[in-house]
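Under the numbering used here, read the sequence shown as residues 1 to 56, first letter to last.
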Amino acid sequence: MTDAELHEVDLAGRDALDAVTDLLLRARSDDPMAGLYEAADPQWWWKDQDDLASSR
């Protein structure tokens, strides 16, 4: 793995969901046994929030 430069980005909505999913996918490919969350977890949480918002 090459050294990557870290930087902070402010994202919201779908852009934030896409970014965190990509980050979790890359972490999983580096070490399949590491990490607390799967890349699909934020996708499920996002769906639940959309369902709650549309039911109000």
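Cβ atoms here follow ideal geometry from the backbone N, Cα and C, with glycine treated the same way.
Determine the extent of the alpha helix (DSSP H) in which residue i is found, giving its start and end residues.
{"i": "residue 20", "result": "13 to 30"}
Can you list, in chain order, the residues of its chain whose CB lies under 7 Å from that of residue i, leaving out five sequence neighbours each side?
{"i": "residue 28", "result": "35 and 39"}
With a threshold of 8 Å on Cβ separation, who are the neighbours of residue i within its own chain once the five nearest residues in sequence on each side are excluded?
{"i": "residue 20", "result": "42"}
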